[in-house]
Amino acid sequence: PSHACGTAIGGARPHAPNPMPLDDSSCSPAYDYGCSSTPSKGRIRRRSENDEAGNYSDRLIPSRAGSNLETGLALLEDTAADGGATGSQDASSRENAGGPSSSLRGQLLRNEVLGLPGGSPTAETPEVMGLRPADRYNLFRFQPDTRVCPNDPFTLSPVPFHNSELFNTPRKVPRKISKVPFKVLDAPQLQDDFYLNLVDWSSTNLLCVGLSSCVYLWNACTSRVNKLCDLGAEDIVTSVSWTQRGAHLAVGTNKGEVQIWDSSQGRKLRTMTGHRGRVGAMAWNGPILSTGSRDHNILHRDVREERHFCSRLTGHRQEVCGLKWSYDEQQLASGGNDNKLCVWDLRSTTATRKYHQHQAAVKAIAWSPHQRGLLASGGGTADRCIRFWNTVNNTLLSCVDTGSQVCNMSWSKNVNEIVSTHGYSLNQIIVWKYPSMSEVITLTGHTFRVLYLAVSPDGQTIVTGAGDETLRFWNVFPGTKSASGSGLASALPFSHTIR
């Protein structure tokens, strides 16, 4: 390659009788040796400070980092051996100089070696045009690539390469959460009792509410209300809980009975006994129904069997007011008025974990759907704290003082956030971002303790109930990250109305 532009170093070309000025047209189109318009005189020409930044250096050593040999070999045009074809000729003239066979040969080489699409050599496809340089067709480059390499130690940018993408990505728009409920329902005779669980939302989009001695079903798709059952004047509803499939509803009573109802047909399937006090907490695990009572006991009931319960768990010394199964259905968490939080294995009748750090009744319990063994629990008025536990290695992860009574909690299945409802003395709803536990938003509106909480099947809407005898619907969580989404938000007729 040194014979192509030897005069760049000094002296005339030894085999050229009539040396001509060194410009871009005198260089071979396949080699870019940085020839300048003024030839050097006997010594290496140093680069002047007045040279433009785009000029090439006079060195004859090509830059490996800036050369793309694959593209250069593909787009290198053959120069006529007799010198008739110059660097200023277009690509079609040079290819046609060798006849149809030369043009066909070049096209076949592109197709077979580089896998470029076929077609006429003159009609280039977008893929070929993207590979072809805009200014010249050089196999070697003598100017480094201006793009910053990840491991370039001579970069002048003050921003590290691994952080440069932060300036190229668009700024994330903060999520907007309305501080006003988009729907409010009247719930007359909704009890203001901390130890009861009277609201639940099924996977079939039916909201169940226990009002005094009656159970009502509200269809979120049609906004129709139906009365499911009436226990009469001698009994009241103390808890409700849907199965995972949403076809059957368990109703706990003040007398200690548990009734199983078919919501589609509106009839009672069976009544199970076993407790000597009111049933304030229930949780389903497939066909197994776990019930907690004021008699300090937890009963496991298999609804497929004739017997009323299959096992009894004794670990609390006062009323059981909180029950939740983990998402992997292997652990049951229970909270009681004795300020204890217990964790039970599926096939164990003794508590495998016992936590005594709370200073008040533990009703608010929530398992994380994002991390196995992550449990959150909230204490009553004397405690006011939310604690996070790792039930796998039996450790306390963190503790947050909320400033008010923690009545209920639920973890979002769409994002790693948790919502908590509070009583004395602020009566507010707080959405937290885990694990930083920074407040996303605080919602107010209830005038009594926000005792009841349920989440819609799509995970975006929550409903809260309080002793002010109202049910309020809030949009607090985003939808799933999938493109299609669950579609529940579009199916809700009340998404933009207030009644």
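Taken in order, the sequence shown gives residues 31 to 529; the numbers are from the numbering used here. Glycine is no exception: its CB is placed at the ideal position from the N, C-alpha and C atoms. From a predicted model like this one, the values you see are computed outputs, not experimental measurements.
C-beta atoms of residue i and residue j nearer than 8 Å
i, j, result
"Gly410", "Met439", "no"
"Gly366", "Gln348", "yes"
"Lys393", "Tyr225", "yes"
"Thr379", "Leu404", "no"
"Pro218", "Leu236", "no"
"Val270", "Val281", "yes"
"Ser434", "Tyr454", "yes"
"Gly497", "Asp292", "no"
"Val350", "Ala311", "yes"
"Cys437", "Arg479", "yes"
"Ala391", "Ile448", "no"
"Gln389", "Ala412", "yes"
"Thr425", "Arg383", "no"
"Leu319", "Val333", "yes"
"Lys443", "Pro508", "no"
"Ser486", "Trp314", "no"
Exposed unless 16 or more other CB atoms sit within 10 angstroms - verdict on residue i
i, result
"Asp488", "buried"
"Asp216", "exposed"
"Gly296", "exposed"
"Asn457", "buried"
"Asp431", "exposed"
"Gly345", "buried"
"Asp18", "Outside the displayed range of the chain (31 to 529) lies residue 18, so it cannot be described from this structure."
"Ser386", "Before going further, note that residue 386 is His rather than Ser in the sequence given. Exposed, since its Cβ has fewer than 16 Cβ neighbours within 10 Å."
"Asp375", "exposed"
"Asn369", "buried"
"Ser233", "exposed"
"Gly262", "exposed"
"Arg417", "buried"
"Thr273", "buried"
"Thr500", "buried"
"Val229", "buried"
"Gly213", "Rather than Gly, the amino acid found at residue 213 in this sequence is Lys. Result: buried."
"Arg300", "exposed"
"Leu220", "buried"
"Ser428", "exposed"
"Ser466", "exposed"
Residue closest to residue i, alpha-carbon to alpha-carbon, out of the options
i, options, result
"Tyr482", "Pro508, Pro317, Thr510 and Ser450", "Ser450"
"Asp260", "Leu362, Asp375 and Thr283", "Thr283"
"Val445", "Phe503, Ser434, Val461 and Asp431", "Val461"
"Pro211", "Arg479, Thr472 and Gly497", "Thr472"
"Cys244", "Arg254, Ile448 and Leu258", "Leu258"
"Lys285", "Ser271, Ala277, Val267 and Arg300", "Val267"
"Asn227", "Phe507, Ala484, Pro508 and Asp498", "Ala484"
"Lys298", "Ile318, Ala313, Ala277 and Asn315", "Ala277"
"Ser294", "Asp498, Asp222 and Cys238", "Cys238"
"Gln289", "Ala396, Tyr454, Ile395 and His338", "His338"
"Thr494", "Gly475, Asp332, Ala311 and Ala396", "Gly475"
"Arg377", "Gln389, Lys370, Lys384 and Gln360", "Gln360"
"Glu287", "Ile207, Leu247 and Thr321", "Thr321"
"Arg275", "Gly316, Arg300, Gly262 and Val309", "Gly316"
"Gln490", "Glu499, Leu220 and Val506", "Val506"
"Arg205", "Leu220, Glu499, Lys463 and Arg331", "Lys463"
"Ser208", "Asn249, Asn423, Ile459 and Ala313", "Ile459"
"Trp441", "Ser356, Cys429 and Leu427", "Ser356"
Closer than 7 Å: residue i CB and nearest the ligand PLP heavy atom
i, result
"Gln289", "Inclusion of the ligand PLP in the displayed structure is not the case, the ligand content being empty and no account of it being possible."
Query raised in the report: Would the segment 327–342 and the segment 302–312 be scored as touching if the rule is three or more Cβ pairs under 8 Å?
Result: yes
Query - Every unbroken beta strand (DSSP E) inside the segment 225–284 [3 residues or more] - result: Every unbroken stretch of the beta strand (DSSP E) spanning 3 or more residues and falling wholly within the segment 225–284 is given here in chain order: 229–231, 236–241, 244–249, 255–260, 267–272 and 278–283.
Report task. Please go through the segment 274–351 and give each complete beta strand (DSSP E) segment of 3 or more residues, from N-terminal end onward. Result -> 278–283, 288–292, 297–302, 309–315, 318–323, 327–332 and 341–344
**Report entry** 3 or more residues per run - each beta strand (DSSP E) lying fully within the segment 427–488
**Finding:** Within the segment 427–488, the complete beta strand (DSSP E) segments at least 3 residues long are 436–441, 447–452, 459–463, 468–473 and 480–485, listed from N- to C-terminus.
Query raised in the report: Can you list, in chain order, the stretches of the alpha helix (DSSP H) that have 4 or more residues and sit fully within the segment 366–421?
Result: none
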